[in-house]
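J.: The opening residue of the sequence shown carries number 0 in numbering that gives the first Met the number 0; numbering runs sequentially from there. By construction, the Cβ of each residue, glycine as well, lies at the ideal position given by its N, Cα and C atoms.
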Amino acid sequence: MKRIVGGTALGLVAGFMGGLLGVGGGIILVPGLVLLLGFEQHRAHATSLAAIVASATSASIPFVLDGEVAWDTTGFLLIGSMVGAALGARHIVKISPVWLARGFVAIAFVAAVDLWMSA
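(1) Within the stretch 7-77, note down every full alpha helix (DSSP H) run reaching 4 residues or more, in order along the chain.
(2) Cα-Cα, which of Leu114, Phe103, Ala111 is closest to proline 30?
(3) Is there contact between the stretch 7-19 and the stretch 28-42, where contact requires at least three CB pairs shorter than 8 Å?
(4) Measuring only the C-alpha atoms, how far is alanine 105 from isoleucine 26?
(5) Could you check how far apart the C-beta atoms of glycine 24 and alanine 50 are, in whole angstroms? I think they sit under 8 Å.
(6) Could you give the residue range of the alpha helix (DSSP H) that holds serine 123?
Below, the structure written as structure tokens:
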């Protein structure tokens with residue numbers, strides 16, 4: 000029951016924030032899965048990636064309909080992100096959960112500071 004309620008609530012928050020602010024759902028899902036649902040770090044990353052496919056697709060639809068997507072750039076982003084994601088997924092198993100969590104926090108912190116400074 001905890002996974003049903005917690006997972007649904009976490010997905011709702013991550014999806015809303017992703018659609019509203021454009022933040023990667025993983026920035027919310029990974030810590031939520033670890034802290035709220037007790038997931039191990041590697042499983043949280045994998046689960047987050049699987050969930051983001053659906054939320055990114057549904058969040059993109061209004062932007063596509065409004066003509067906000069830069070299609071001339073999107074294809075290149077897709078190619079780069081697919082290759083990068085595949086490489087990252089292959090290498091994640093070599094990183095201990097502790098260092099994976101620390102790296103995640105460091106990147107989230109840098110992104111937050113950068114966003115704060117540019118606002």
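T.: Here's the rundown:
(1) Here the runs fully enclosed are 25-34, 40-64.
(2) Ranking Leu114, Phe103, Ala111 by CA distance to the CA of proline 30 puts Phe103 first.
(3) They touch, by the three-pair rule.
(4) If you take the alpha carbons of alanine 105 and isoleucine 26, they lie about 12 Å apart.
(5) 7 Å between Cβ atoms; contact.
(6) The requested residue 123 is not part of the displayed model; the chain covers only 0 to 118.
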